[in-house]
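Presented below is the structure to which this report refers.
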Amino acid sequence: MIRSKSTALYEEAKQYFPGGVNSPVRAFKSVHGAPLFIKNANGPMLYDEDGNSFIDFCCSWGPLIHGHNHPSIKEAVIKTLENGMSFGAPTVLGTHLGRTMIGNHRYLDKVRFVSSGTEAVMSAVRLARGFTGKDKVIKFDGCYHGHVDSLMVKAGSGLATFGTSSSAGVPQSLASETIVINLNDLEAIEDTLKEHSDRIAAIIMEPVPANNGLLLQDQNFLVWIRKLCDDYNVLLIFDEVISGYRVGAEGASGYYSVEPDLLTFGKIIGGGLPVGAFGGRADIMSHISPDGPVYQAGTLSANPVAMAAGLASLKACLEIGFYERLENKTLMLVSRLRDHIDKKGYDMSVVTIGSIFWLAFTKERISSADQIDPKSMDHFKKLHTYLLDHGVYLGPSGYEVGFVSQAHTQKTLDKAATIICAGIDHTYKS
Ligand SMILES: *Cc1c(COP(=O)(O)O)cnc(C)c1O
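Take the sequence shown: its letter number 334 is residue 334 in the numbering used here, and every next letter is one higher.
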């Protein structure tokens, strides 16, 4: 497959952007070759500047649950554009999207729109601190919450210690406000709360951790965390930027029936345009400006065009049977891969929930980040190269999950399954 235009475009882009990209994982550092420059996309298909086509399982990293260029989202955007692009004032479209989100979520009393998932998390953490009057936050190793300063943190040495920054430019003083614990490490969580709960504002987690492999947790763990947060007077923040509207209309909190105090959203709620949101309990949300003392604002917050896209996206999600159909399709793909893996006896597994899947290069169940063998990523690298050459696009890192959209037809998934199975064979042969 010839990708010379993409390669040349990437060379030029390096003159303008650090690493040639505007978000690091796009640079293909964990896989072979240069990133694709995308010309257009439709339904489940992505087309690059060289004219190659790909079945897309990256789906813009999650927002495109309806696939590319979904007719009703596109129409809503175009119609809204006719009336102007931004007013910096309230619009009915914002109200509609807010009403739709709150009306379809049992744990959401109030929301505020922002423009990205990172912004949503940053604001939710500030709110948790402002509401509780406490400074520290517990996060889990392997959960990603955007590039929020105080959450760009990895575990320090020791069992459950104050974190050290995982990015240059994050002051140690900020990093040390975050405590990093392994997922599912009940003892460390309880010990930390026992010792420090008078200084801990919140526990933040991805209830479906999907940014470092797919580290599915038991419902019991989430129920237990909820109870612990109550016992120790600590807020529970579910970062549902990926899981929101992905594993059902009520996201992971609805899926597991666990009520967080605050939730963050992004990705799907923008239908492909930049929208984030945070929300939750009314008494907590009333602490946000202008009602309360926690300041938060945004020039393009609740931008009408983005609201229109989000509204069309959520309306399509709320159609009866939407999630069942999507999950069934995903299971079809996953079953074909699993059958192949079993038949050939590969040391691999396919982890899945809703319409998310992840290829793990082990048969062991993986539920925390430290269980992933970095060496297994060599397999992914080979697989990725093969798939790209054969017209299947996965996110360019073995730590990234795949997304199935409603635009993926049986036929497309069948074709993809055949290619991925052949790719797995190739990976273990070479
Ligand atoms: C994508 C993601 C974010 C960051 O969202 P951006 O829109 O990229 O800033 C935060 N949290 C989770 C769980 C995410 O998946």
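Quick reminder that beta carbons are idealized off the backbone N, C-alpha and C, glycines included.
Quick caveat: nothing in here was measured; it's all calculated off a predicted structure.
Problem - Neighbourhood of residue 295 by C-beta, 6 angstroms cutoff - its chain only, sequence neighbours within 5 removed - result: Indexing the sequence shown from 1 puts residue 295 at position 295. By the criterion of a C-beta distance shorter than 6 angstroms, residue 295 is surrounded in its chain by 289, once the five residues flanking it on both sides are discounted.
Handout entry: Inter-residue Cα distance where the pair is residue 421 and residue 173
Key = Working through the sequence shown from its first residue, we reach residue 421 at position 421. Working through the sequence shown from its first residue, we reach residue 173 at position 173. One C-alpha to the other measures close to 48 angstroms.
Problem - residue 325: first and last residue of the uninterrupted alpha helix (DSSP H) it sits in - result: Position 325 of the sequence shown, counted from the start, is the residue given in the question as residue 325. For residue 325, the uninterrupted alpha helix (DSSP H) segment begins and ends at 322-344.
Handout entry: residue 2: CB within 7 angstroms of a non-hydrogen atom of ligand 1
Key = Numbered from its first residue, the sequence shown carries residue 2 at position 2. Checking every heavy atom of ligand 1 against the Cβ of residue 2, none is found closer than 7 angstroms.
Exercise for the section: Examine ligand 1 and report whether any of its heavy atoms sits within less than 7 angstroms of the Cβ of residue 206. Expected result: Numbered from 1 along the sequence shown, position 206 holds the residue referred to as residue 206. Correct: residue 206 has its Cβ closer than 7 angstroms to ligand 1.
Practice task
Kindly examine ligand 1 and report whether one of its heavy atoms sits closer than 7 angstroms to the Cβ of residue 144.
Solution key: If you number the sequence shown from 1, residue 144 lands on position 144. With a cut-off of 7 angstroms, the C-beta of residue 144 is classified as near ligand 1, since at least one heavy atom of the ligand falls inside that distance.
Exercise for the section: Have a look at residue 3 and residue 52 and give me their C-alpha separation to the nearest angstrom. Expected result: Locating residue 3 in the sequence shown gives position 3, counting from the first residue. Locating residue 52 in the sequence shown gives position 52, counting from the first residue. Cα to Cα, the separation comes out at about 8 angstroms.
Practice task
Please go through the same chain and pick out, in chain order, the residues whose beta-carbon is closer than 6 angstroms to the beta-carbon of residue 21, but skip the five residues on each side of it.
Solution key: Position 21 of the sequence shown, counting from 1, holds the residue named residue 21. Apart from sequence neighbours up to five positions away, the residues of its chain that approach residue 21 with a beta-carbon distance below 6 angstroms are 27, ordered along the chain.
Practice task
Under the assumption that residue 309 contacts residue 76 (Cβ atoms under 8 angstroms), give the Cβ distance between them as a whole number of angstroms.
Solution key: Here residue 309 corresponds to residue number 309 of the sequence shown, with the count starting at 1. Here residue 76 corresponds to residue number 76 of the sequence shown, with the count starting at 1. Contact between residue 309 and residue 76 holds, with the beta-carbon distance rounding to 6 angstroms and staying under 8 angstroms.
Practice task
Report yes if the CB atom of residue 216 is closer than 8 angstroms to the CB atom of residue 369, and no otherwise.
Solution key: Indexing the sequence shown from 1 puts residue 216 at position 216. Indexing the sequence shown from 1 puts residue 369 at position 369. Against a cut-off of 8 angstroms, the Cβ pair of residue 369 and residue 216 comes out as no contact.
Handout entry: Unbroken alpha helix (DSSP H) run spanning residue 47, endpoints
Key = In the sequence shown, residue 47 corresponds to position 47, counting from 1. Careful: residue 47 lies outside any alpha helix (DSSP H), inside the beta strand (DSSP E) at 45-48.
Handout entry: Secondary structure, beta strand (DSSP E): runs of 3+ residues fully inside the segment 45-111
Key = Along the length of the segment 45-111, whole beta strand (DSSP E) runs at least 3 residues long occupy 45-48 and 53-56, reported in chain order.
Practice task
State the beta-bridge partners of residue 358 as determined by DSSP.
Solution key: Against the sequence shown, residue 358 aligns to sequence position 358. Bridge partners of residue 358 according to DSSP: 351.
Practice task
Report yes or no: do three or more beta-carbon pairs, one from the segment 280-288 and one from the segment 120-132, lie closer than 8 angstroms?
Solution key: Because the criterion of three Cβ pairs below 8 angstroms is met, the segment 280-288 and the segment 120-132 touch.
Exercise for the section: Would you mind sorting residue 112 into buried or exposed? The rule is 16 or more other CB atoms within 10 Å of its CB. Expected result: Within the sequence shown, residue 112 is the residue found at index 112, counting from 1. By the neighbour-count rule (16 or more Cβ atoms within 10 Å), residue 112 is buried.
Problem - Assigned exposure category for residue 32 - 16 Cβ within 10 Å defines buried - result: Stepping through the sequence shown from its first residue, residue 32 is reached at position 32. Classification of residue 32: exposed, given that the 10 Å Cβ count is below 16.
Practice task
Give the DSSP-derived three-state secondary structure of residue 10 in the structure shown.
Solution key: Translated into the one-based positions of the sequence shown, residue 10 becomes position 10. DSSP places residue 10 in the helix class (H, G or I) of the three-state scheme.
Problem - 4-residue-minimum alpha helix (DSSP H) runs that sit fully inside the segment 231-258, ordered along the chain - result: You should have 251-256.
Problem - Cβ distance (whole Å) where residue 36 is taken to contact residue 6 below 8 angstroms - result: Taking the sequence shown and counting its residues from 1, one reaches residue 36 at position 36. Taking the sequence shown and counting its residues from 1, one reaches residue 6 at position 6. Right, the Cβ-Cβ distance comes to about 5 angstroms (below 8 angstroms), so this counts as a contact.
Handout entry: Length of the line joining the Cα atoms of residue 197 and residue 232
Key = Along the sequence shown, read from residue 1 onward, the residue named residue 197 stands at position 197. Along the sequence shown, read from residue 1 onward, the residue named residue 232 stands at position 232. For the pair residue 197 and residue 232, the Cα-to-Cα distance works out to about 6 angstroms.
Practice task
Using only the heavy atoms of ligand 1, determine whether one of them is closer than 7 angstroms to the beta carbon of residue 77.
Solution key: On the sequence shown, position 77 is the one that residue 77 refers to. Incorrect: residue 77 has no Cβ contact closer than 7 angstroms to ligand 1.
Practice task
Measure the C-alpha to C-alpha separation of residue 410 and residue 69 and round it to an integer number of angstroms.
Solution key: As a working mapping, residue 410 is identified with position 410 in the sequence shown. As a working mapping, residue 69 is identified with position 69 in the sequence shown. Their Cα atoms are separated by approximately 19 angstroms.
Problem - For residue 16, three-class secondary structure by DSSP - result: Stepping through the sequence shown from its first residue, residue 16 is reached at position 16. Helix at residue 16.
Problem - Test item: CB-CB of residue 307 and residue 100 under 8 angstroms - result: Along the sequence shown, one-based indexing puts residue 307 at 307. Along the sequence shown, one-based indexing puts residue 100 at 100. One thing to note: residue 307 has its Cβ no nearer than 8 angstroms to the Cβ of residue 100.
Practice task
State the start and end residues of the unbroken alpha helix (DSSP H) segment that holds residue 309.
Solution key: Along the sequence shown, read from residue 1 onward, the residue named residue 309 stands at position 309. Residues 304-317.
Exercise for the section: Tell whether a beta-carbon distance below 8 angstroms holds between residue 104 and residue 318. Expected result: Locating residue 104 in the sequence shown gives position 104, counting from the first residue. Locating residue 318 in the sequence shown gives position 318, counting from the first residue. Taking 8 angstroms as the Cβ cut-off, residue 104 and residue 318 qualify as a contacting pair.
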